[in-house]
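Okay, structure first, notes after.
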Amino acid sequence: MTELEFKDINFITKELLDNTSAATYFEQFDQLFKYMFDKAQYETDEAMYEIARLNKEHKV
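The structure is reproduced here in structure tokens:
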């Protein structure tokens, strides 16, 4: 996780804590975790693609 991502998560968390509605609080945390999971999945897919590309390059 980069420093910028860490700051983004801290900012979002602070915004969530400032909310007064428990339902909104839960919904926003749910969205945050879905975003984090999707981002991690995307980065994993990109890394696997790069590994496959490099393996293919070196087998030529």
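Throughout the sequence shown, residue numbering follows our numbering, covering 80 to 139 in sequence.
For glycine and all other residues, C-beta sits at the position ideal for the given N, C-alpha and C.
CA-CA distance, THR103 to MET127, rounds to 36 Å. Going by beta carbons, THR92 and LEU111 fall inside the 9 Å limit. GLU94 is the residue among LYS135, TYR121, GLU94, LYS86 whose C-alpha sits nearest the C-alpha of PHE108.
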